[in-house]
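Trainee: First the structure, which I've put down as structure tokens, then a few questions once you've had a look.
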Amino acid sequence: MDIYDTANQLAAELKRNPEVKKYLDLKDVLLADETNKALLKKYKKLQFEAQTLVMSGGTLSEEKQEEIRKLGEVLQFNKEISEFLSLEYVVNKILSDVYRIIGEAVEIDLSFME
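To convert a position in the sequence shown, counted from 1, into the working numbering, add 703.
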């Protein structure tokens, strides 16, 4: 079997996974609402900026930390967004595990992920 056929089978299996299906369905619902879409976009942008800064050796300002915290609190009160972010974590964990398994098969050093 061709490796790309196997990858396509894995992709199809992922789409059938209950958590992934629920994540994708909820994503469609959330992104159809402009307010939810804007809130998620802002939250993800802030998270990305914070992670990039910390990974490059910088320090996150108190103001930026407070902005992220406050927006996170707002999002927690939105049941759909809160559930979406929880499901996103689960999906990312699945993908991380798959990447680790494949990486181990070809002996890629993934110790940085620990």
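For every residue, glycine included, the Cβ atom is placed at its ideal position computed from N, Cα and C.
Cα-Cα, which of K725, L743 and K718 is closest to V776?
Mentor: Residue mapping note: residue 776 aligns to position 73 of the sequence shown, counting from 1. Before going on, a small fix: residue 776 reads as Glu here, not Val. Ranking K725, L743 and K718 by Cα distance to E776 puts L743 first.
Trainee: Taking one C-beta from the segment 731-740 and one from the segment 772-787 each time, how about it: are there three or more such pairs within less than 8 Å?
Mentor: yes
Trainee: Whole angstroms is fine: what's the gap from S759's alpha carbon to E752's?
Mentor: Start at 1 with the first residue of the sequence shown, and residue 759 comes out as number 56. Start at 1 with the first residue of the sequence shown, and residue 752 comes out as number 49. Going from the Cα of S759 to the Cα of E752 covers about 11 Å.
Trainee: Could you check the C-alpha separation between T709 and K773 for me, to the nearest Å?
Mentor: As a first step, residue 709 is located in the sequence shown; it is residue number 6 there, counting from the start. As a first step, residue 773 is located in the sequence shown; it is residue number 70 there, counting from the start. Rounded to the nearest angstrom, the two C-alpha atoms are 43 Å apart.
Trainee: Reducing DSSP to helix, strand and coil, say where N720 ends up.
Mentor: To locate residue 720, count along the sequence shown from 1; it is residue 17. Here N720 sits in coil by DSSP.
Trainee: Do the CB positions of N711 and I797 come within less than 9 Å of each other?
Mentor: Here the question's residue 711 lines up with position 8 in the sequence shown. Here the question's residue 797 lines up with position 94 in the sequence shown. Against a cut-off of 9 Å, the Cβ pair of I797 and N711 comes out as no contact.
Trainee: Less than 9 Å separating the beta-carbons of K725 and L788?
Mentor: If you number the sequence shown from 1, residue 725 lands on position 22. If you number the sequence shown from 1, residue 788 lands on position 85. Going by C-beta atoms, K725 is not nearer than 9 Å to L788.
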